[in-house]
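**Q** One structure is given below, represented as structure tokens, and several questions about it will come after.
Chains as they are written, first to last, in the working numbering: chain A, 1 to 617; chain B, 1001 to 1382.
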């Protein structure tokens, strides 16, 4: 596939949660909760409002098609601000500082006075009906010559528990949004840039880690196509695939357009109530439906069922549009008979709709006439687009698991922005900007570690990108040998995870205590995996140490070794210093790993020598 | 700083010296409503005192739009068209903290005129900060045969989550109901499910920001309006439509004050009220101030200032017969304000002194229940 020839232009928006102490506009902690721990619940309706320019945003208009009654879960860690029952606190200055740091890392220009805006979002994910967002910096550069257009500081939305129930723990966590220009031309380039930006963000040490804490939106267009925004790509590895599949989708839609134009496709309002035709149907969906309506799309036969992306047909797009009216989806004659609908029913339907062989009939099951009409209206709109001059509609889409995507809503426009009148603007003056310091990039850090600590280069890179980097840095500051810390973090912990140990339960303090115990001789290096296993199963460090490595003084050790040698005096006399190896094993098993092997070997050597000297005539 | 709107919709502040003047944008005409009014529905009047229900920022002038007609309101809240037909009277566009007794009087006259001209109910849109004061004032100034409903919003109308639409729809429903008194209709809970109907003389804003800030004090709410069904349920003690004959008594005596006592308060503060016709004290507990204030109060009373005692507890009734201080206050001539809310007592005092010049008769009137502000029995706990 020649993406340059296809005219691929892609840009990305990266949303990364910041690890600040408090949320962006309230003083709650940035703490995620289990939804079963919720302490309260309430519900609200959201209405569309006009922008300050007196316009209604098209994406918001689309959401208006459905009932907007939303339920929210509250926690003992959320407050009235998340409930939209109290005006916001001032913009979190710690979050602004992190944004300025990142802006400086990309060589950007900060905005002189930061204004918080309300971005209209009435899908329920924000109790207020808008997401607060502020443009912080402009015009940055990427090492590959690409551009960062803007950095915005936003509040995270509430998490959907299911359907129209949202959880307020996540709402308000600060997010940095980094938007590149559409400067990328191959799927791989998009992925590389996303990886690079992610690395820069993590270099600050001020971003949250783990699944869901970073999300990429990808903007894609090809020549003749249109800008489409695919939201919510959580895994970096999928980005290139998402781009490939979107290019494929746009190309197929362009092909379908030409075909439909040749076939002289057309859309008429020929919709009919066909509920009566399915009175005796075996289809469970149709049997339950109060109303079934149909529309015949002229010249569409074979096209509605055409695959435009893996597992996605033109019919899937129509179905997504229809779902905005609250229906479950559509059936069309390109896929029927199926789903319990018989060939006879299809024939009757075609005849009833006066559909010719070149036409495709779409049916929809609804709860009432209005919903059915709304859904078929949406199908017509999408069908009309398919053979129009712009067969790829400008859309916001959501990524599906495989990397394909489904329609969410039209691309929002500037009409969704409204000033947040409850938050005062914040001035970023020259003093603040000059005082903003830039941290070392993780890639540079990896090089430095490799050199300073003589760590293998691959190891150093893995360490720098690891979530446990701050732990490593703390360990080194506390005097732990770097190699010991690296080995535990990258090798031991990984092996334990693979064997099923829940290493996530081991705190940084426990790691440090373990290393200190090893360094001071209280525990043997060899005992680390056992210690970590016990820690992961919930025991305290002291309990674990007592169990696995009872404290043995040097004196105790000497007398243990003395006794072992005395018991085996013949063997020692026979082997001389060569007895050391076999006796090491005996001593280590006796002291159960609680003493460093080096010390054991040192004392053993001395005691063997003494035993040999004693027995000499 | 100059505020620049970017194509993306974001605003940023930039130093004005780095801006170049290009010209003024074309003026845009305000949009007009397409929502038709149904002539078979009850006729309601909406008197606005501040732009709460249909306010929106005009980006070009930076101010709230001054247009306020039925069209604007119906465009903002189309659901209202299902409840009634509306006539609108823009009385004032003020923030409610800037409300004055003089505007209460204008408001009373406007409401009276609407009812006289056939309105079957009146809605008054009002900022929430002093809504309870105004509701009390209108309660005393008008005998109304129809519902007079105060309504506002705790979250501004320019946000999708605003309580304005539900409150307005519930207010309109209450205004078309069988009610016949002055009320406040606002959210009952944090959910968008019910509005409470409160008596104008027994309501208080009890939270600075929550939707359900308004609470009936010392009595139950008069009723509820369910949402979205708009079903109105009234308690038996709510005054019914047609029980009173329309009358306007719009005189007020503005030289009245309200002062909250606190430990260690200096008697000097009371000097500021010399020459005032009336003074309401929000005392502690059962209605006390420190004994050091009593001589100053006595002096005020001797010079014909009516002094009424209420309680800063908000709940419960004053009783100055239990402790020595209370008895001394009574001896000094302080009048017990029963279970009246301090601010309602103030508004009532303005009305009483506006209509009754004789201090003794006025003092007696302060203890008579006029519009449900004084309960003879305490039936309500906390």
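Think of the CB as a built atom: it goes at the ideal place given N, C-alpha and C, for glycine as much as any other residue.
(1) From what residue to what residue does the beta strand (DSSP E) around residue 1150 (chain B) run?
(2) Could you tell me if residue 40 (chain A) is buried or exposed, where buried requires 16 or more neighbouring beta carbons within 10 angstroms of its beta carbon?
(3) Looking at chain B, which residues of the region 85 to 105 of chain A have a Cβ within less than 9 Å of any of its Cβ atoms?
(4) Short of 6 Å in beta carbon distance, which residues of its chain neighbour residue 392 (chain A), apart from the five on each side in sequence? Order them along the chain.
(5) Check residue 1367 (chain B) in the structure and name its three-state DSSP category.
(6) If the cut is a Cβ gap below 8 Å, which residues of chain B does residue 127 (chain A) touch?
(7) Please decide whether residue 396 (chain A) counts as near chain B, where near means a Cβ-Cβ distance under 8 Å.
(8) Going along chain B in order, which residues have a C-beta closer than 9 Å to the C-beta of residue 135 (chain A)?
(9) Exposed or buried, which one is residue 1362 (chain B) when buried takes at least 16 other CB atoms within 10 Å?
(10) Give the C-beta separation of residue 1002 (chain B) and residue 1019 (chain B) to the nearest angstrom, bearing in mind that I take them to be a contact with Cβ-Cβ under 8 Å.
(11) Which residue wins for smallest C-alpha separation from residue 1152 (chain B), given the options B:1131, B:1193, B:1284, B:1351?
(12) So residue 119 (chain A) is in the alpha helix (DSSP H); what residue range does that whole segment cover?
(13) In the DSSP assignment, find the alpha helix (DSSP H) that holds residue 1342 (chain B) and state where it starts and stops.
(14) Roughly how many whole angstroms lie between the Cα atoms of residue 544 (chain A) and residue 580 (chain A)?
(15) Can you give me the C-alpha to C-alpha distance between residue 1066 (chain B) and residue 1005 (chain B), rounded to a whole angstrom?
(16) Leaving aside the five residues before and after residue 514 (chain A) along the sequence, list all residues of the same chain whose C-beta is less than 8 Å from its C-beta, in chain order.
(17) Going along the chain, which residues of the region 1192 to 1212 of chain B sit with their C-beta nearer than 7 Å to a C-beta in chain A?
(18) Which bits of chain A does residue 1158 (chain B) rub up against, with CB to CB less than 7 Å?
(19) Does the Cβ of residue 322 (chain A) have 16 or more other Cβ atoms within 10 Å, making it buried, or fewer, making it exposed?
(20) In chain B, what lies closer than 9 Å to residue 117 (chain A) by C-beta?
(21) Taking the alpha carbon of residue 34 (chain A) as the point to measure from, which residue in A:85, A:131, A:161 has its own alpha carbon closest?
(22) If you follow the alpha helix (DSSP H) that residue 1432 (chain B) is in, where does it begin and where does it stop?
(23) How would you list, in chain order, the residues of chain A whose beta-carbon sits under 8 Å from the beta-carbon of residue 1167 (chain B)?
(24) In its own chain, which residues sit with a C-beta less than 6 Å from the C-beta of residue 222 (chain A), not counting the 5 before and 5 after it?
(25) Note down, in chain order, each residue of its chain lying with its Cβ closer than 6 Å to the Cβ of residue 699 (chain A), except the 5 sequence neighbours on either side.
(26) I'd like the list of long-range same chain contacts for residue 1275 (chain B), defined as Cβ closer than 7 Å, with 5 residues on each side in sequence excluded.
(27) How is the beta strand (DSSP E) around residue 1112 (chain B) delimited, first residue to last?
(28) When DSSP builds the beta bridges, which residues end up paired with residue 418 (chain A)?
(29) Look at the alpha carbon of residue 1097 (chain B) and the alpha carbon of residue 1107 (chain B), and state the distance between them as a whole number of angstroms.
(30) Within the chosen definition, does the region 464 to 474 of chain A reach the region 425 to 432 of chain A through at least 3 CB pairs nearer than 8 Å?
(31) Closer than 8 Å is the cut-off here; do at least three beta carbon pairs connect the region 68 to 76 of chain A with the region 167 to 186 of chain A?
(32) Extract the residue ranges of the beta strand (DSSP E) inside the region 1273 to 1301 of chain B, only unbroken runs of 3 or more that lie entirely within it.
(33) Does any residue of chain A have a CB that is nearer than 8 Å to the CB of residue 1239 (chain B)?
(34) Please state whether the Cβ-Cβ distance between residue 1081 (chain B) and residue 1035 (chain B) is less than 8 Å.
(35) Give a yes or no on whether 8 Å exceeds the smallest Cβ distance from residue 474 (chain A) to chain B.
(36) Would you decide whether residue 1125 (chain B) is buried or exposed? Buried here means 16 or more other CB atoms lie within 10 Å of its CB.
**A** Result, derived from the coordinates:
(1) Within the second chain, residue 1150 (chain B) is the residue found at index 150, counting from 1. Here the beta strand (DSSP E) through residue 1150 (chain B) covers 1148 to 1151.
(2) In the first chain, the residue the question calls residue 40 (chain A) occupies position 40. Residue 40 (chain A) is exposed by the Cβ-count criterion.
(3) Answer in chain order: 85, 86, 87.
(4) In the first chain, counting from the first residue as 1, residue 392 (chain A) sits at position 392. Excluding positions up to five away in sequence, the list reads 225, 226, 250, 253.
(5) On the second chain, residue 1367 (chain B) is found 367 positions in, with the first residue counted as 1. Coil, per DSSP.
(6) Reading the first chain from its first residue, position 127 is the one you call residue 127 (chain A). In chain order: 1161.
(7) Along the first chain, one-based indexing puts residue 396 (chain A) at 396. No, residue 396 (chain A) does not count as interfacial toward chain B.
(8) Stepping through the first chain from its first residue, residue 135 (chain A) is reached at position 135. Those within 9 Å of residue 135 (chain A) in chain B are 1006, 1008, 1010, 1011, 1012.
(9) Translated into positions along the second chain, residue 1362 (chain B) becomes position 362. So residue 1362 (chain B) ends up on the buried side.
(10) In the second chain, counting from the first residue as 1, residue 1002 (chain B) sits at position 2. In the second chain, counting from the first residue as 1, residue 1019 (chain B) sits at position 19. Rounded, the Cβ-Cβ distance is 5 Å, consistent with contact.
(11) Sequence index remark: in the second chain, residue 1152 (chain B) carries index 152 (1-based). Minimum Cα distance to residue 1152 (chain B) is reached at B:1131.
(12) Position 119 of the first chain, counting from 1, holds the residue named residue 119 (chain A). That residue, residue 119 (chain A), is in no alpha helix (DSSP H); its beta strand (DSSP E) goes 116 to 120.
(13) For the purposes of this step, residue 1342 (chain B) is identified with residue 342 of the second chain, where counting begins at 1. Here the alpha helix (DSSP H) through residue 1342 (chain B) covers 1342 to 1355.
(14) The residue labelled residue 544 (chain A) in the question sits at position 544 within the first chain. The residue labelled residue 580 (chain A) in the question sits at position 580 within the first chain. In a straight line, the C-alpha of residue 544 (chain A) is about 29 Å away from that of residue 580 (chain A).
(15) Residue mapping note: residue 1066 (chain B) aligns to position 66 of the second chain, counting from 1. Residue mapping note: residue 1005 (chain B) aligns to position 5 of the second chain, counting from 1. Any reading at residue 1066 (chain B) needs caution, since the residue's pLDDT is 44, under 50, leaving its predicted position unreliable; the model's value is listed next. Going from the Cα of residue 1066 (chain B) to the Cα of residue 1005 (chain B) covers about 23 Å.
(16) By 1-based counting over the first chain, the position of residue 514 (chain A) is 514. Answer for residue 514 (chain A): 488, 523, 528, 531, 532, 535, 541, listed in chain order.
(17) 1192, 1209, 1210, 1211
(18) Stepping through the second chain from its first residue, residue 1158 (chain B) is reached at position 158. In chain order: 49, 418.
(19) Translated into positions along the first chain, residue 322 (chain A) becomes position 322. The residue is buried, with at least 16 neighbouring Cβ atoms inside 10 Å.
(20) For the purposes of this step, residue 117 (chain A) is taken as the residue at position 117 of the first chain. What residue 117 (chain A) touches in chain B: 1009, 1010, 1011.
(21) Counted from its first residue, the first chain places residue 34 (chain A) at position 34. Looking at A:85, A:131, A:161, the one whose alpha-carbon comes closest to that of residue 34 (chain A) is A:161.
(22) This structure leaves residue 1432 (chain B) out entirely; chain B is present only between 1001 and 1382.
(23) Indexing the second chain from 1 puts residue 1167 (chain B) at position 167. Going along chain A, no residue has its Cβ under 8 Å from residue 1167 (chain B), so there is no contact; the nearest lies around 12 Å.
(24) To locate residue 222 (chain A), count along the first chain from 1; it is residue 222. So the list reads 6, 7, 8, 247, 250, once near-sequence residues are dropped.
(25) Given that chain A is displayed from residue 1 to residue 617, the structure contains no residue 699 (chain A) and the question cannot be resolved.
(26) Residue mapping note: residue 1275 (chain B) aligns to position 275 of the second chain, counting from 1. Exclusion of the five residues before and after residue 1275 (chain B) leaves no residue of its chain whose Cβ lies closer than 7 Å to its Cβ.
(27) Locating residue 1112 (chain B) in the second chain gives position 112, counting from the first residue. Careful: residue 1112 (chain B) lies outside any beta strand (DSSP E), inside the alpha helix (DSSP H) at 1101 to 1116.
(28) Counted from its first residue, the first chain places residue 418 (chain A) at position 418. The beta-bridge partner set that DSSP reports for residue 418 (chain A) consists of A:118.
(29) As a first step, residue 1097 (chain B) is located in the second chain; it is residue number 97 there, counting from the start. As a first step, residue 1107 (chain B) is located in the second chain; it is residue number 107 there, counting from the start. Straight-line Cα distance between these residues: approximately 16 Å.
(30) Short answer: they don't touch.
(31) Touching, yes.
(32) 1278 to 1283
(33) Mapped onto the second chain, residue 1239 (chain B) falls at position 239. False, the Cβ-Cβ gap to chain A never drops below 8 Å.
(34) Counted from its first residue, the second chain places residue 1081 (chain B) at position 81. Counted from its first residue, the second chain places residue 1035 (chain B) at position 35. Less than 8 Å separates the beta-carbon of residue 1081 (chain B) from that of residue 1035 (chain B).
(35) Along the first chain, read from residue 1 onward, the residue named residue 474 (chain A) stands at position 474. Residue 474 (chain A) does not count as touching chain B.
(36) The count along the second chain starts at 1 and reaches residue 1125 (chain B) at position 125. Residue environment: residue 1125 (chain B) is assigned as buried (16 or more neighbouring CB atoms within 10 Å of its CB, all protein chains considered).
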